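One structure is given here, and the rest of the page talks about it.
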Amino acid sequence: MKKFMDRDFLLKTEAAKKLYHEHAAKVPVIDYHCHINPMEIYEDKRYNTITEVWLGGDHYKWRAMRSCGVAEHYITGNATPAEKFQKWAETLPMLIGNPLYHWSHLELQRYFGITEPLTGENAMEIYEKCNKILAQPDMSVRGIIRKSNVKLLCTTDDPVDDLKAHELLAADPTVPAVVLPAFRPDKAMRADKETFPAYVAQLEQVVGYAINTVADMRKALNDRIAYFADRGCCVSDHDLGESCFCVEADEATLDDIFVRAKAGQAITWNEQLAYHTALLLSVGKEYAKRDWVTQFHFGVMRNNSKTMFRKIGADTGYDSMSGGTNGAGLSRLLNALEEAGALGKTILYSLSPADNGVVGTIMGAFQTDSAIPGRLQQGSAWWFNDHKTGMEEQMKSLMSLGAMGTFNGMLTDSRSFLSYTRHEYFRRILCNLFGQMVEDGEYPADWNYLGKLVENISYYNTLHYFGLDRVLK
-16 MKKFMDRDFL
-6 LKTEAAKKLY
4 HEHAAKVPVI
14 DYHCHINPME
24 IYEDKRYNTI
34 TEVWLGGDHY
44 KWRAMRSCGV
54 AEHYITGNAT
64 PAEKFQKWAE
74 TLPMLIGNPL
84 YHWSHLELQR
94 YFGITEPLTG
104 ENAMEIYEKC
114 NKILAQPDMS
124 VRGIIRKSNV
134 KLLCTTDDPV
144 DDLKAHELLA
154 ADPTVPAVVL
164 PAFRPDKAMR
174 ADKETFPAYV
184 AQLEQVVGYA
194 INTVADMRKA
204 LNDRIAYFAD
214 RGCCVSDHDL
224 GESCFCVEAD
234 EATLDDIFVR
244 AKAGQAITWN
254 EQLAYHTALL
264 LSVGKEYAKR
274 DWVTQFHFGV
284 MRNNSKTMFR
294 KIGADTGYDS
304 MSGGTNGAGL
314 SRLLNALEEA
324 GALGKTILYS
334 LSPADNGVVG
344 TIMGAFQTDS
354 AIPGRLQQGS
364 AWWFNDHKTG
374 MEEQMKSLMS
384 LGAMGTFNGM
394 LTDSRSFLSY
404 TRHEYFRRIL
414 CNLFGQMVED
424 GEYPADWNYL
434 GKLVENISYY
444 NTLHYFGLDR
454 VLK
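Those letters in the sequence shown? Residues -16 to 456, per our numbering, in order.
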């Protein structure tokens, strides 16, 4: 029987251990997609309790607690930090096989030196120990980034953001990692939302001119792309919703849709898709011109429980997979981008594991006449898939249908500064997969080449694909 989560956690063969300890564990972290607040890095935020850093905003944990019958009072309600931590500790032993069990204990080990399993019985003892450690000088936000060997991270930012935090960070030589913005214009592209008129008005204030047509909106977004680029941005992020689409319309039709939406009038779903498609083609050209990376996320149904959405809002743990995506829609979208000269470096993430083959084969059809290795990428196992089984299935599909050696590896997609252990979790699973193939005679025991593969997937592929060589020497 192996010791619980020891040095060789998830590494089942000697080959896997060699690859992880001699290669994967030694390279730094680039976290190119997350949802942390950059101002908290600049201000070097400190946490008073482990509850604040662990349970504040973590809808993964919130869902698990609800599944175990914990009252909302102890999740997003007004219970004390100690009470909330106690309820999480009581939940954790029931999560056998859930990635939260591994992630939580990896974080306890790496940041707090705690190797015993967390339970309801020892919760308050561990709570007090963690709080004392958080009070130490090296456990501020910057200290955590430094301990995690993070060299660069990209936040998620709206076109109306002034990026003041990024400017402050760029001017501060004591920041332990490069912090860059990422361009996420979803609100500008959802003309069907009730909030759209107010958002357009906000964008008008930022750019300094009226936005009365789709051409005006294109210009506004391009101006904001230039603003972001001047502050180091090299990546965009788009939520395509439940599935992929490509609905084309002429300019007069698009303007009619925009005018009605800006006035607060309802538009049809097909009209929304036409407007969204037009803007994707427009910003795609700008991204390609600037050699940015485009990320498309799809296959998610948001705010399933309208009751809870009304009570506590979005991003609180009530989203889900939408099922298999529309492969024809994805193909048409990529083709339209390619025809418009707007298909540059692109990463595709589906929330449905059933889409692994769809994504793998469609992206292979668009690796067209490019010198960029893996110009189109299947993104790492995302959200509800970033567990051991999900990561293995995603990587096995990619190995079977694409070129694993060009893969960009892991990201946290997290709101927590302790989530960098997810990179370690991914790297251990990666090395275990490769190690088993070596043990089974499916790949030669060429440690030099295998080591390079592991280091590239863990770090160097991302460094080169995103063009980060320019800021990380």
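Beta carbons: idealized from backbone N, C-alpha and C, even for Gly.
This structure is a prediction, so every number in the text was calculated from the model and none was measured.
Inset, instruction - Can you say whether Asn253 is buried or exposed, counting buried as having 16 or more other CB atoms within 10 angstroms of its CB? - result: Along the sequence shown, read from residue 1 onward, the residue named residue 253 stands at position 270. Answer is exposed; the Cβ neighbour count stays below 16.
Inset, instruction - Kindly indicate the opening and closing residues of the alpha helix (DSSP H) around Phe417. - result: Working through the sequence shown from its first residue, we reach residue 417 at position 434. Residues Thr404 to Glu422.
Inset, instruction - May I ask which residues mark the beginning and end of the alpha helix (DSSP H) holding Trp(-14)? - result: In the sequence shown, the residue the question calls residue -14 occupies position 3. The sequence as given places Lys at residue -14; Trp does not occur at that position. Premise fails: Lys(-14) is in no alpha helix (DSSP H) and is neither H nor E.
Inset, instruction - Would you kindly work out how many angstroms separate the C-alpha atoms of Thr389 and Gly343, rounded to a whole number? - result: As a first step, residue 389 is located in the sequence shown; it is residue number 406 there, counting from the start. As a first step, residue 343 is located in the sequence shown; it is residue number 360 there, counting from the start. Looking at the two C-alpha atoms, the distance is approximately 13 Å.
Inset, instruction - Would you mind stating whether Leu204 and Pro142 have Cβ atoms separated by less than 9 Å? - result: Reading the sequence shown from its first residue, position 221 is the one you call residue 204. Reading the sequence shown from its first residue, position 159 is the one you call residue 142. With respect to Pro142, Leu204 sits close: the two C-beta atoms are nearer than 9 Å.
Legend entry - Whole-angstrom distance between Lys44 and Ser288, CA atom to CA atom: In the sequence shown, the residue the question calls residue 288 occupies position 305. In the sequence shown, the residue the question calls residue 44 occupies position 61. Looking at the two C-alpha atoms, the distance is approximately 17 Å.
Inset, instruction - Report buried or exposed for Asp144, applying the criterion of at least 16 other Cβ atoms within 10 angstroms of its Cβ. - result: Taking the sequence shown and counting its residues from 1, one reaches residue 144 at position 161. Asp144 counts as buried, since no fewer than 16 other beta carbons sit within 10 angstroms of its beta carbon.
Inset, instruction - Kindly indicate which three-state DSSP category Met200 falls into: helix, strand or coil? - result: In the sequence shown, the residue the question calls residue 200 occupies position 217. Helix.
Inset, instruction - State buried or exposed for Lys(-15), treating a residue as buried only when at least 16 other CB atoms are found within 10 Å of its CB. - result: The residue labelled residue -15 in the question sits at position 2 within the sequence shown. Taking all protein chains in view, the Cβ of Lys(-15) is surrounded by fewer than 16 other Cβ atoms within 10 Å, so the residue is classified as exposed.
Inset, instruction - Inspect the beta-carbon positions of Tyr258 and Leu237 and report whether they are closer than 9 Å. - result: For the purposes of this step, residue 258 is taken as the residue at position 275 of the sequence shown. For the purposes of this step, residue 237 is taken as the residue at position 254 of the sequence shown. In this structure, Leu237 lies closer than 9 Å to Tyr258 by Cβ.
Legend entry - alpha helix (DSSP H) runs contained entirely in the stretch 351 to 406, provided each spans 4 or more residues: Within the stretch 351 to 406, the complete alpha helix (DSSP H) runs of at least 4 residues are 371 to 384.
Legend entry - Beta-carbon proximity check, Val218 vs Ala261, cutoff 9 Å: As a working note, residue 218 is residue 235 in the sequence shown. As a working note, residue 261 is residue 278 in the sequence shown. In this structure, Val218 keeps its C-beta atom at 9 Å or more from the C-beta atom of Ala261.
Legend entry - Proximity winner among Leu263, Asp396, Asp239 and Gly373, relative to Ala323 (alpha-carbon distances): By 1-based counting over the sequence shown, the position of residue 323 is 340. Closest by alpha carbon: Leu263.
Legend entry - Selected residue, minimal CA-CA separation from Arg173, among Val124, Phe241 and Val161: Your numbering for residue 173 matches position 190 in the sequence shown. If we check each option's Cα against that of Arg173, Phe241 comes out closest.
Legend entry - Same chain, Cβ closer than 6 Å to Lys170, five either side skipped, listed in chain order: On the sequence shown, residue 170 is found 187 positions in, with the first residue counted as 1. The residues are Tyr182.
Legend entry - Alpha carbon of Val161 to alpha carbon of Thr251, nearest angstrom: Counting from 1 along the sequence shown, the entry for residue 161 is found at position 178. Counting from 1 along the sequence shown, the entry for residue 251 is found at position 268. Annotation: Val161 to Thr251 spans about 43 Å, alpha carbon to alpha carbon.
Legend entry - Whole-angstrom C-beta distance between Met291 and Asp302, which should lie under 8 Å: Counting from 1 along the sequence shown, the entry for residue 302 is found at position 319. Counting from 1 along the sequence shown, the entry for residue 291 is found at position 308. Rounded, the Cβ-Cβ distance is 11 Å, inconsistent with contact.
Legend entry - Endpoints, alpha helix (DSSP H) assigned at His461: Missing from the structure shown is residue 461; the chain here goes from -16 to 456 and no further.
Inset, instruction - Could you check which residue in Gly282, Ala232 and Asp338 has the C-alpha nearest to that of Ser305? - result: Here residue 305 corresponds to residue number 322 of the sequence shown, with the count starting at 1. Comparing Cα-Cα distances from Ser305 to each of Gly282, Ala232 and Asp338, the minimum goes to Gly282.
Legend entry - beta strand (DSSP E) segment containing Ser333, residue limits: Position 350 of the sequence shown, counted from the start, is the residue given in the question as residue 333. That run of the beta strand (DSSP E) goes Lys328 to Ser333.
Legend entry - Element boundaries [beta strand (DSSP E), containing Ser219]: The residue given as residue 219 occupies position 236 in the sequence shown. The continuous beta strand (DSSP E) containing Ser219 extends over residues Val218 to Asp222.
Legend entry - Own chain, CB closer than 7 Å to Thr442, minus 5 neighbours either side, in chain order: By one-based count along the sequence shown, residue 442 stands at place 459. Checking the sequence, you will find Tyr at residue 442 rather than Thr. Correct list, in chain order: Val10, Pro11 and Ile13.
Inset, instruction - Can you give me the start and stop residues for the alpha helix (DSSP H) that Leu433 sits inside? - result: Here the question's residue 433 lines up with position 450 in the sequence shown. Run containing Leu433: Trp430 to Glu438, per the alpha helix (DSSP H) assignment.
Inset, instruction - Can you have a look at Lys147 and say buried or exposed, based on whether 16 or more other CB atoms are within 10 angstroms of its CB? - result: Counting from one through the sequence shown, the residue named residue 147 turns up at place 164. With fewer than 16 Cβ atoms within 10 Å of its Cβ, Lys147 is classed as exposed.
Legend entry - Own chain residues within Cβ distance below 7 Å of Ser333, not counting five before or after: Sequence index remark: in the sequence shown, residue 333 carries index 350 (1-based). Leaving aside the five residues that flank Ser333 on each side, the residues in its chain whose CB is nearer than 7 Å to its CB run, in chain order, Phe281, Gly282, Thr308 and Val342.
Inset, instruction - Pair every Cβ in the stretch 127 to 135 with every Cβ in the stretch 62 to 71, then say whether three or more of these pairs are closer than 8 Å. - result: No, the stretch 127 to 135 is not in contact with the stretch 62 to 71.
Inset, instruction - Would you identify the three-state DSSP class for His259, choosing helix, strand or coil? - result: The residue labelled residue 259 in the question sits at position 276 within the sequence shown. Helix, per DSSP.
Inset, instruction - State the start and end residues of the unbroken alpha helix (DSSP H) segment that holds Phe241. - result: Along the sequence shown, read from residue 1 onward, the residue named residue 241 stands at position 258. Per DSSP, Phe241 is one residue of the alpha helix (DSSP H) stretching across Glu234 to Lys245.
Inset, instruction - With a 10 Å radius around its C-beta and 16 neighbouring C-beta atoms as the bar for buried, classify Ile79 as buried or exposed. - result: Residue mapping note: residue 79 aligns to position 96 of the sequence shown, counting from 1. The residue is exposed, with fewer than 16 neighbouring Cβ atoms inside 10 Å.
Inset, instruction - Keeping to the same chain, check which residues put their C-beta closer than 6 Å to that of Leu313; ignore five residues upstream and five downstream. - result: By 1-based counting over the sequence shown, the position of residue 313 is 330. In its chain, beyond the 5 residues on either side, Cys227 and Ile345 have a beta carbon closer than 6 Å to the beta carbon of Leu313.
Inset, instruction - Would you list, in sequence order, the uninterrupted alpha helix (DSSP H) runs of no fewer than 4 residues that lie entirely inside the stretch 18 to 72? - result: Runs of the alpha helix (DSSP H) inside the stretch 18 to 72: 21 to 25, 33 to 38 and 42 to 50.
Inset, instruction - Give, in chain order, every unbroken run of the beta strand (DSSP E) that is at least 3 residues long and sits entirely within the stretch 121 to 191. - result: Given a length threshold of 3 residues, each whole run of the beta strand (DSSP E) inside the stretch 121 to 191 is given here in chain order: 133 to 137 and 161 to 163.
Legend entry - Rounded C-alpha distance that separates Gly450 from Lys1: Residue numbering aside, residue 450 sits at position 467 when the sequence shown is read from its first letter. Residue numbering aside, residue 1 sits at position 18 when the sequence shown is read from its first letter. So the alpha carbons of these two residues sit roughly 30 Å apart.
Legend entry - Length of the line joining the Cα atoms of Gly418 and Gln377: Along the sequence shown, one-based indexing puts residue 418 at 435. Along the sequence shown, one-based indexing puts residue 377 at 394. Using only the alpha carbons, I get a separation of about 17 Å.
Legend entry - DSSP-derived helix/strand/coil call for Val12: Residue numbering aside, residue 12 sits at position 29 when the sequence shown is read from its first letter. In the structure shown, Val12 sits in a strand (DSSP, three-state: E or B).
Legend entry - Cβ-based burial, Ile355 [other Cβ within 10 Å; buried from 16]: One-based indexing of the sequence shown puts residue 355 at position 372. Exposed is the label assigned to Ile355, since fewer than 16 other Cβ atoms lie within 10 Å of its Cβ.
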